[in-house]
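According to this note's numbering, the first sequence is numbered sequentially starting from 224. Where a beta carbon is used, it is the ideal one built from N, C-alpha and C, also for glycine. Fair warning: this is a prediction, and the values are worked out from it, not measured in the lab. Below is one structure, written out as C-alpha cells; the observations come after it.
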Amino acid sequence: MNLHIYNTLTNKKEQFLPHTENKVSMYVCGPTVYSAPHIGNARAALVGDLFYRLLQKLYEEVIYIRNLTDVDDKIILESEKTGVPINIITQDVTKMYQNEMSKLNMLEPTFEPKVTDNINNIISTIEKILNNKSAYISENHVVFDMDSFKDYGSLSKKVSDDLIDGARVKPETYKKNPKDFVLWKPSVNQNCGWDSPWGYGRPGWHIECTSMIKSIIGNEQTLDIHGGGNDLIFPHHENEIAQGTSCASAKYCNYWFHNGIVLVDKKKMSKSLGNVILVSDIINATNPIVIRLALMSSHYRQPLNWTNDTVNNAKNIYEKIVTSLDADSSDVREDDNDFLELLCDDLNTPNAIQYLVKQAKDSKNNKNLLPKLRYNCDLIGLKRNSYKISVELKNKVEHLISQRETARQNKDYASADQIRNMLASMNVDLKDGPSGVTWKIKD
RNA sequence: GGCUAAGUGGCAGAGUGGUAAUGCAGCGGCCUGCAAAGCCGUCAACGCCGGUUCGAUUCCGACCUUAGCCUCCA
Numbered sequence: 224m225n226l227h228i229y230n231t232l233t234n235k236k237e238q239f240l241p242h243t244e245n246k247v248s249m250y251v252c253g254p255t256v257y258s259a260p261h262i263g264n265a266r267a268a269l270v271g272d273l274f275y276r277l278l279q280k281l282y283e284e285v286i287y288i289r290n291l292t293d294v295d296d297k298i299i300l301e302s303e304k305t306g307v308p309i310n311i312i313t314q315d316v317t318k319m320y321q322n323e324m325s326k327l328n329m330l331e332p333t334f335e336p337k338v339t340d341n342i343n344n345i346i347s348t349i350e351k352i353l354n355n356k357s358a359y360i361s362e363n364h365v366v367f368d369m370d371s372f373k374d375y376g377s378l379s380k381k382v383s384d385d386l387i388d389g390a391r392v393k394p395e396t397y398k399k400n401p402k403d404f405v406l407w408k409p410s411v412n413q414n415c416g417w418d419s420p421w422g423y424g425r426p427g428w429h430i431e432c433t434s435m436i437k438s439i440i441g442n443e444q445t446l447d448i449h450g451g452g453n454d455l456i457f458p459h460h461e462n463e464i465a466q467g468t469s470c471a472s473a474k475y476c477n478y479w480f481h482n483g484i485v486l487v488d489k490k491k492m493s494k495s496l497g498n499v500i501l502v503s504d505i506i507n508a509t510n511p512i513v514i515r516l517a518l519m520s521s522h523y524r525q526p527l528n529w530t531n532d533t534v535n536n537a538k539n540i541y542e543k544i545v546t547s548l549d550a551d552s553s554d555v556r557e558d559d560n561d562f563l564e565l566l567c568d569d570l571n572t573p574n575a576i577q578y579l580v581k582q583a584k585d586s587k588n589n590k591n592l593l594p595k596l597r598y599n600c601d602l603i604g605l606k607r608n609s610y611k612i613s614v615e616l617k618n619k620v621e622h623l624i625s626q627r628e629t630a631r632q633n634k635d636y637a638s639a640d641q642i643r644n645m646l647a648s649m650n651v652d653l654k655d656g657p658s659g660v661t662w663k664i665k666d
C-alpha cells in the first residue's frame with residue numbers, strides 16, 4: 224500500500240517514498256508553551272498523530288519528533304506580565320499540553336525535544352552556518368544572510384520582491400537585507416539567556432527546529448516529512464529550509480505537509496478577537512474522543528470552521544459507532560485494507576469516517592464486520608472511554624430501574640418518568656428495548 | 001497591493017467527463033405508555049460567464065466572493 228501526501232513544496236499530491244527504505248523520520252512543529260493549548264494546537268498535533276499511526280502501519284521504523292518551544296519572546300512577556308517565573312510557566316503549560324493531548328488519545332512522539340535542552344546543539348548549528356558563510360555577525364546578532372540562499376520562497380511560492388511589497392517587514396539596523404533573519408540575539412533578560420561565542424543571548428525563533436531535527440537524525444541526513452500549521456509556511460518553514468540547507472550538504476526535507484487553521488465563526492481564532500477555544504474548555508464539556516472525531520471531520524488541509532454543529536455531528540457519529548461496537552464483547556481485530564487505503568490518500572479522514580459509519584451500520588446485520596470496525600477505530604485512535612462504575616452506583620442505578628419497572632407495570636407512568644429523569648441527571652441513559660431495559664453512562 | 005487556497009442541498013461535508021455519498025436538521029410512517037434508539041420512505045445543492053467536448057459540477061480561462069499568509073501564531 225502506498226501513502227500519498229500533498230507536498231507543499233510542489234503543491235501536488237505525491238507518493239511518499241522514505242529516504243532510507245523502511246525508515247521514516249517526521250517532525251511536526253509543536254506549541255510554544257506560554258498559554259493553555261487551544262483547539263488549533265490540537266488539530267496540528269492530531270494531523271501529526273494520524274500520520275504517525277499510519278506510518279507505523281506501513282514502515283518498520285518511524286521516528287516522530289514533536290518539539291516544545293520553551294524559549295520565546297511571548298514566554299518572557301507572559302512572565303513579565305504575570306510575575307510567574309519563566310520556567311514555571313513553561314513547565315505548567317507543558318504538563319497541560321501533554322495531559323490534554325493524551326486525553327485526546329495522541330500517541331507520545333518518539334522524541335519531544337525542548338529548546339532549553341538544546342542550546343549547545345543550536346550553537347553548533349549556527350557555527351556550521353557561519354562556517355559556510357551563510358550568516359554574519361552584526362551588533363551582537365548572528366543573522367542569516369539571504370544573499371547566500373537563492374532558493375528562498377520555494378515553499379511558500381512567494382517571489383522575493385513580494386516580500387518587500389508588503390512593506391510590513393521592519394528594516395532592522397543590524398540586517399543587511401530585510402529578508403535576513405536572526406539566528407542568535409543578545410538577551411538583556413537575566414532569566415532567559417545563555418553564554419555563546421557571540422555573547423550572552425538566546426536563539427532566534429527558527430533555528431531551534433532545524434537544530435533539534437539535525438541533532439536527532441544526524442546533520443547529514445534528510446528529514447522525510449515535516450509538518451505544521453499552514454500559518455507557519457512563511458516565514459518559519461521557509462527560513463528553516465534556508466538554514467537547514469546551509470548547515471549541511473544534504474537536502475533538508477523531502478515532504479512538507481501543512482494543516483489548515485481552525486476558524487471560529489469563520490474567523491481565525493486569535494487572542495485579539497477573543498474567540499480562542501481552549502482544549503481544556505471543550506474536553507471538560509465533551510468526551511475528548513468526540514472532539515478528536517470532530518477534528519477529523521474535515522480534511523486536514525481545509526480550514527475547519529468550529530461550531531456547535533461540528534461537535535454535535537461528531538457526537539452522533541461517535542454514538543453510532545459505539546452502539547455497534549457494544550453489540551459484541553469480543554475484541555478480535557482484523558486488518559481492513561480498504562480503510563487503510565482511504566487514509567493513505569493524503570489522510571482522507573472525512574472519507575474514512577464515512578466508511579466507518581457505514582461499516583458500523585452494516586455490522587448490525589453482519590457481526591463479521593466487527594473485528595474490522597475495531598481495528599479501524601484503533602487505527603485512528605477512536606477508543607472507548609472506560610468508565611469506572613462503582614458498585615454503589617451500579618446498585619443504585621439498578622435499584623432505581625427496578626422501581627421504575629414496577630411503576631411501569633402498574634401503569635404509573637408519572638413516577639416512571641420521574642425516575643428516568645432522575646437517572647438522566649446522574650448521566651445515566653435508559654433504553655427500553657424489546658428484551659428489557661439497558662442503561663449506560665452517557666459519554 | 002502581492003502570494004496561497006477554497007466556493008456543492010437549511011447546516012456540515014465527500015465525490016465524479018455522462019446531473020451527486022454520508023451525517024445532522026425537516027417531513028411521512030413503523031415501533032413505544034411516552035421517550036430514546038432502530039428501521040422504512042421522502043424533500044432539497046454543484047458561485048457567475050465563456051471555452052474545449054457528443055456531453056462538465058468535474059478540464060481550461062476570466063470574473064465575483066470567502067479565508068489564510070505577507071507582523072507573533074498550530
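For residue j and residue i, believed in contact at Cβ under 8 angstroms, the rounded distance
i	j	result
residue 371	residue 469	7 angstroms
residue 278	residue 247	5 angstroms
residue 328	residue 544	Not really, about 14 angstroms apart at Cβ, beyond 8 angstroms.
residue 245	residue 282	5 angstroms
residue 436	residue 345	No, residue 436 and residue 345 are not in contact; Cβ-Cβ is about 12 angstroms, not under 8 angstroms.
residue 662	residue 624	7 angstroms
residue 336	residue 290	5 angstroms
residue 457	residue 379	4 angstroms
residue 473	residue 443	5 angstroms
residue 565	residue 571	5 angstroms
Cα-Cα separation between residue i and residue j, rounded to whole angstroms
i	j	result
residue 612	residue 618	10 angstroms
residue 249	residue 641	55 angstroms
residue 273	residue 314	26 angstroms
residue 170	residue 616	For residue 170 there is no data in the structure shown, the boundaries of the chain being 224 and 666.
residue 621	residue 509	26 angstroms
residue 391	residue 398	Because the pLDDT at residue 391 is just 47, under 50, the model does not fix this residue reliably, and the value given afterwards should be weighed accordingly. Cα-Cα distance, rounded: 15 angstroms.
residue 507	residue 292	26 angstroms
residue 569	residue 236	7 angstroms
residue 583	residue 547	6 angstroms
residue 645	residue 627	11 angstroms
residue 541	residue 549	12 angstroms
residue 322	residue 331	11 angstroms
residue 316	residue 445	31 angstroms
residue 462	residue 401	13 angstroms
residue 305	residue 295	16 angstroms
residue 647	residue 431	51 angstroms
residue 319	residue 312	11 angstroms
residue 381	residue 451	18 angstroms
residue 388	residue 324	With a pLDDT of 44 at residue 388, under the threshold of 50, the modelled position of this residue cannot be trusted, and the question is left open.
residue 567	residue 284	18 angstroms
residue 438	residue 361	27 angstroms
residue 447	residue 440	10 angstroms
residue 374	residue 471	15 angstroms
residue 227	residue 660	48 angstroms
residue 532	residue 581	21 angstroms
CB of residue i within 8 angstroms of CB of residue j, strictly
i	j	result
residue 333	residue 286	yes
residue 410	residue 341	no
residue 573	residue 520	yes
residue 260	residue 518	no
residue 467	residue 475	yes
residue 597	residue 561	no
residue 301	residue 229	no
residue 353	residue 338	no
residue 481	residue 255	no
residue 665	residue 650	yes
residue 299	residue 415	yes
residue 459	residue 429	yes
residue 269	residue 515	yes
residue 498	residue 489	no
residue 559	residue 593	no
residue 631	residue 639	yes
residue 668	residue 280	Look at the range of the chain in this structure, 224 to 666, and you will see that residue 668 is not part of it.
residue 601	residue 643	no
residue 262	residue 505	yes
residue 368	residue 403	yes
Contiguous alpha helix (DSSP H) assignments of at least 4 residues, all confined to the stretch 320-395: 342-354 and 383-388
Whole runs of the alpha helix (DSSP H) within the stretch 567-649, excluding any shorter than 4 residues: 572-585, 593-602, 614-632 and 636-648
Segment contact, 8 angstroms Cβ cut-off, at least three pairs: the stretch 510-528 with the stretch 484-492: yes
Cβ pair count under 8 angstroms reaching 3, the stretch 421-431 against the stretch 398-410: yes
Completely contained alpha helix (DSSP H) runs for the stretch 455-537, where each covers 4 or more residues: 461-469, 502-508 and 511-519
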